[in-house]
Amino acid sequence: MKRLFFLATLISLGLATSAQQTQKPPLHGKHWMAVTGKPLAATAGSMIFQKGGNAVDAACAMLAATCTMWDVLSWGGETQALIFNPKTKKVIAINALGVAPTGATVEFFKSKGYNFPPEYGPLAAVTPGTPGGLCYMLAEYGTLSLKEVLAPAMEMAAGYPIEAQTANSMERSKDRLKEWPYSKAVFLTHPGEKREAPEAGEIFVQKDLLATLTKMVEAEQAALKNKKSRKEAIMAAYERFYKGDIAKEFVRGCREQGGLITEQDLAKWKPIEEEPLHVNYKGIEVYKLQSWTQGPMLLQSLNILENFDLKGMGYNSAQYIHTLYQTMNLTFADRDFYYGDPYFTKTPIKGLLSKAYAKERAKQINPDHNDPAAAPGDPYPFEGGTNPYLRLLKQRSSLTDTSLEKKPEGFVPKHDATSLLNVPLTDQMYAANDTDSLYMDRLWRGTTSVEAADEEGWVVSVTPSGGWTPACIAGHTGVGMSQRLQSFVLDSALCPFNVIAPGKRPRVTLTPSMALKDGKPYLSFAVQGGDTQDQNLLQFFLNVVEFGMTVQQATEAANINTNQLWLSLGGTSTKERMPHPGSILLNNNTPESVRATLKKMGYITSFGERTSGPVNAILLDSKHGSLWGGSSNHGEDYGIGW
0 MKRLFFLATL ISLGLATSAQ QTQKPPLHGK HWMAVTGKPL AATAGSMIFQ
50 KGGNAVDAAC AMLAATCTMW DVLSWGGETQ ALIFNPKTKK VIAINALGVA
100 PTGATVEFFK SKGYNFPPEY GPLAAVTPGT PGGLCYMLAE YGTLSLKEVL
150 APAMEMAAGY PIEAQTANSM ERSKDRLKEW PYSKAVFLTH PGEKREAPEA
200 GEIFVQKDLL ATLTKMVEAE QAALKNKKSR KEAIMAAYER FYKGDIAKEF
250 VRGCREQGGL ITEQDLAKWK PIEEEPLHVN YKGIEVYKLQ SWTQGPMLLQ
300 SLNILENFDL KGMGYNSAQY IHTLYQTMNL TFADRDFYYG DPYFTKTPIK
350 GLLSKAYAKE RAKQINPDHN DPAAAPGDPY PFEGGTNPYL RLLKQRSSLT
400 DTSLEKKPEG FVPKHDATSL LNVPLTDQMY AANDTDSLYM DRLWRGTTSV
450 EAADEEGWVV SVTPSGGWTP ACIAGHTGVG MSQRLQSFVL DSALCPFNVI
500 APGKRPRVTL TPSMALKDGK PYLSFAVQGG DTQDQNLLQF FLNVVEFGMT
550 VQQATEAANI NTNQLWLSLG GTSTKERMPH PGSILLNNNT PESVRATLKK
600 MGYITSFGER TSGPVNAILL DSKHGSLWGG SSNHGEDYGI GW
């Protein structure tokens, strides 16, 4: 009788799913682990490991392969990475995010009638960051040549069997692709036919991209023949992309189609190696990138959640969900107002990440009801300063339409959450035909992730993105331009740190993660999904640390999503980007008792079979000296270990 009662309690808390066998098996490896967004790309990583490369080499090969396969990104996008260096025992951060080009000003976009920079096309582009980021990581921390690391991607560019997800995305977006001549030539391989995009399984060839990658390798090999070092030779390839004939053609193609990027913009841009941010959560050091990403939001959330007994509440109990939701609302409010490019304007990150500030924010949580008016706090006193933006904070409060809190039951009126999540993340806009469905698409909009680790101790977590389909290709480079400019704001009342300016980085959703335990790598994890990324990564981390799930169970576990935040992607009007107070996405398996309690607490609920993007992760088992790989059942993501 006691056993039956215990099982009933587990089910009521949603724990039964974590105790069951996972839909995907966990991966195990002794020597190395490679996990990313496409099976072929994971295979590329394994090929590099088998050549004797380290985790950085393998991560660069997977990055190159995913770009070539248009896995919600292209070579013209941006790359963000965390790397654990076993020689120094430190985590380093790689900032390979492009910047706003010359002429990208508030006045320029407002003169064209924009409230935010556009979602698509050449005017949405920041300078490409991925080629430079890849070359820098490989030169500084890899062991193989660029020629070796790019070999799988170059073979793919010469022709690979395209999978249905990407091919169908091209077909659905063909009307937009036809606006750009170079994109039309690459993606629509059957012009004039009923289906103009490639079919699943068709050999998809990218001659221009292959030529671009070949030029980079040629530059490297020529430098080696001239007795340059391995590092100098790789950077010669970098120079050819950003200052040579590749740059000239990229700029020509961009500007021909109405873009702003200049040759000087490319020549001046450089990737940055920087110190990551971190906090200690119950003895575990958790690392994220700086405030040009949304990553610190997860660190702020952990600081607040330390003040609550999460394990005692029970996994996905009503009180646990409520506490998570309220915490994320507070940290998203801070993100939305205080995060931005710290190289342009110093952000109050010290105050935001202070434990004392977190305690004050925790006190603001009402244990019984959702707070639809959750707002940014004031972190400046917690770093010994005075807030210079109090006037803007007052202006900002008038922008939020709290009447949205009273929307009727069922947040997505014509397409439930499952119907959108079962559509590839980049394609959800094509399943949506009403405002709320479009909102959900923009909330979940995808990218990919790359995780790699080896027995020497190198660990890499990357969240690259940009240049997703429908992408505008720059001339005959075969390189799709980024769409990241849309993450800037044009109104300082929304975020004084993230107002567009030439040479500035937009605050992005892209957010790789790493955790150390006793000074050793413990977890490397990342996910795709726009504004939901750190929501899902926070829950993944707590699933492992608080609830004892295996890494695979934690990737598949039911998550929640809050919609009470300003969207970072899509929507050209302020109203389209506004928070939806109290709106929450829950998993279909949420018990009726939990649903009823949340409704009483002021939540507007919607439900889905899958409630997160695909989480990819590696757990380093120091006890047994082995690697655990996890890749959720929510997409095409895949891993290989040995």
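Read in order, the letters of the sequence shown correspond to residues 0 to 641 in numbering that gives the first Met the number 0. Ideal Cβ placement from N, Cα and C applies to all residues, glycine included.
_Per DSSP, cross-strand counterpart(s) of Glu77_ = By DSSP's assignment, Glu77 forms a beta bridge with Ser464.
| said: Quick check on DSSP: helix, strand or coil for Thr649? | reply: The question about residue 649 has no answer, for the chain in this structure spans 0 to 641.
Legend entry - Residue nearest to Thr344 in terms of C-alpha spacing, selected from Lys227, Val498, Ser396, Asp244: When Lys227, Val498, Ser396, Asp244 are compared, the shortest CA-CA separation from Thr344 is found for Val498.
**Message:** For Asp400 and Val507, what's the separation of their Cα atoms in angstroms?
**Reply:** Confidence in Asp400 is poor, its pLDDT being 46 and thus under 50, which makes the residue's placement unreliable; the coordinate value appears in the next sentence. If I take the Cα positions, the gap works out to 24 Å.
Next on the checklist: List, from N- to C-terminal side, the alpha helix (DSSP H) runs of 4 residues or more that fit wholly inside the segment 566–638.
Outcome noted: Qualifying alpha helix (DSSP H) stretches, in chain order: 573–576, 591–599.
Original post:
What residue range is occupied by the uninterrupted alpha helix (DSSP H) comprising Tyr280?
Top reply: Per DSSP, Tyr280 belongs to no alpha helix (DSSP H); it is in the beta strand (DSSP E), 276–280.
Buried or exposed for Gly51, going by 16 or more other Cβ atoms inside 10 Å? Under this definition Gly51 is an exposed residue.
Member of Tyr159, Ala54, His189, Ala123 whose CA lies at the smallest distance from the CA of Glu139: The option with the nearest alpha carbon to Glu139 is Ala54.
Open item on the list: Please state the DSSP three-state secondary structure of Pro25.
Closed with: If DSSP states are grouped into helix, strand and coil, Pro25 belongs with coil.
Problem - Cβ neighbours of Ser73 in the same chain (closer than 6 Å, five flanking residues each side left out) - result: So the qualifying residues of the chain are Cys66, Gly466, Ala470, Gly479.
Quick check on the DSSP output: the alpha helix (DSSP H) that includes Glu106 runs from which residue to which?
Its alpha helix (DSSP H) spans residues 105–110.
| field | Close Cβ partners of Asn586 (< 6 Å) along its chain, the five nearest in sequence each way excluded | value | If we look at Asn586 and ignore the five residues flanking it on each side, its Cβ neighbours are Ala557, Thr610.
Where does Met480 fall in DSSP's three states?
Correct three-state label for Met480: strand.
Report task. Take Gln22 and list the residues in its own chain whose beta-carbon comes closer than 7 Å to its own, dropping the five residues that flank it on each side. Result -> The beta carbon of Gln22 is closer than 7 Å to those of Glu555, Asn632 in its chain, skipping five residues each way along the sequence.
Exercise. Where are the beta strand (DSSP E) runs, 3 residues long or more, that stay fully inside the segment 483–571, in chain order?
Worked result: List check, beta strand (DSSP E) in window: 512–516, 519–526.
(message) If you reduce the DSSP assignment to three classes, tell me which class Met155 lands in.
(response) Residue state for Met155 is assigned as helix, using DSSP reduced to three classes.
Curious, which full-length alpha helix (DSSP H) runs of at least 4 residues does the segment 132–189 contain?
Within the segment 132–189, the alpha helix (DSSP H) runs of at least 4 residues that lie entirely inside it are, in chain order, 145–156, 163–171, 173–176, 180–186.
- Under 8 Å by Cβ, that's how I've got Ala196 and Ala166 pegged, so tell me the actual separation to the nearest angstrom. Indeed they touch by this definition, with Cβ atoms about 6 Å apart.
Q: Could you tell me which residues DSSP pairs with Thr67 in its beta bridges?
A: Its beta-bridge partners do not exist; DSSP assigns none.
Residue closest to Ala222, alpha-carbon to alpha-carbon, out of Leu212, Met234, Thr213: Among Leu212, Met234, Thr213, the Cα nearest to that of Ala222 belongs to Met234.
Item checked: Check whether Met169 and Thr468 have beta carbons under 8 Å apart -> With contacts defined as CB atoms closer than 8 Å, Met169 and Thr468 qualify as a contacting pair.
**Q.** Which of helix, strand or coil DSSP assigns to Asn302
**A.** Asn302 sits in a helix when the DSSP states are folded into three classes.
Open item on the list: Short of 6 Å in beta carbon distance, which residues of its chain neighbour Glu408, apart from the five on each side in sequence? Order them along the chain.
Closed with: At Glu408, the pLDDT of 35 sits below 50, so the modelled position is not reliable and the matter cannot be decided from this model.
- request: Between the Cα of Ile603 and those of Met548, Leu329, Pro371, Gln79, spot the shortest distance and give me the residue it belongs to.
  value: Sorting Met548, Leu329, Pro371, Gln79 by C-alpha distance to the C-alpha of Ile603 places Pro371 at the top.
**Q.** Ser630 vs Val34 beta-carbon contact at 8 Å
**A.** It is a contact, given that the beta carbons lie within the stated cut-off.
Report task. Name the one or two DSSP bridge partners that Gly350 has. Result -> According to DSSP, Gly350 bridges with nothing at all.
**Secondary structure of Tyr342, DSSP reduced to three states** = For Tyr342, the secondary structure class from DSSP, reduced to helix, strand or coil, is coil.
Exercise. Would the segment 91–110 and the segment 500–514 be scored as touching if the rule is three or more Cβ pairs under 8 Å?
Worked result: With a cut-off of 8 Å on Cβ pairs, the segment 91–110 is in contact with the segment 500–514, counting three or more such pairs.
> Cβ atoms of Leu309 and Tyr324: under 8 Å apart, would you say?
Replying inline: No, they are not a contact pair.
field: Lys37 versus Asp264: straight-line alpha-carbon distance, rounded
entry: Going from the Cα of Lys37 to the Cα of Asp264 covers about 32 Å.
At 4 residues or longer, what runs of the alpha helix (DSSP H) sit wholly inside the segment 28–58? Listed in chain order, the complete alpha helix (DSSP H) runs (minimum 4 residues) inside the segment 28–58 are 38–49.
Exercise. What's the gap between the Cα of Glu154 and the Cα of Ile161?
Worked result: For Glu154 and Ile161, the distance between alpha carbons rounds to 13 Å.
Inset, instruction - Given a cut-off of 8 Å, decide if Pro151 and Ala57 are closer than it, judged by their beta-carbon atoms. - result: In this structure, Pro151 does not lie closer than 8 Å to Ala57 by Cβ.
Boundaries of the beta strand (DSSP E) in which Glu201 is found, first to last residue: Note, Glu201: premise wrong, no beta strand (DSSP E); not H, not E.
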